[in-house]
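Encoded as structure tokens, the structure appears first; notes follow it.
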């Protein structure tokens, strides 16, 4: 969690939400989220055993396809437990972030 908190301090948009003026995202701008809680953005997901690349790929597809909660900053991460690959990994980290975090639009 320390690394995630540090990320937010280096990149303020990770603690900001998008607000719009008028239509959805038309004239949108960032504002600090007064209720920001890193626990709303980082979670643990446990895959059923045995879980390999195919199960991780399916999970990633579902994770990325979720609708955004527009009342919060537009990013999230997940620690995936119970993942096993050919090289002996036992977990994976997946993340997603809305493109506005990078390009502001």
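In UniProt numbering, the protein residues as written are 1 to 105.
We put the CB at the ideal spot given by N, CA and C, even for glycine.
| query | result |
| --- | --- |
| Those runs of the beta strand (DSSP E) which lie wholly inside the UniProt domain "O-acyltransferase WSD1-like N-terminal" (4 to 104) and span at least 3 residues | 16 to 19, 29 to 32, 42 to 51, 75 to 83, 91 to 97 |
| Three-pair Cβ contact test at 8 Å for the segment 67 to 86 versus the segment 14 to 21 | yes |
| Distance between beta carbons of residue 47 and residue 82, contact taken as under 8 Å | 4 Å |
| Other residues of its chain near residue 32: CB distance less than 6 Å, five sequence neighbours each side excluded | 16 |
| Distance between residue 95 and residue 62 (C-alpha atoms, nearest Å) | 12 Å |
| Straight-line Cα distance separating residue 77 from residue 68 | 13 Å |
| Under 8 Å between C-beta atoms of residue 64 and residue 79 | no |
| Distance between residue 88 and residue 57 (C-alpha atoms, nearest Å) | 17 Å |
| Selected residue, minimal CA-CA separation from residue 55, among 91, 6, 8, 97 | 91 |
| Neighbour-count burial assignment, residue 102, 16 or more Cβ in a 10 Å radius | exposed |
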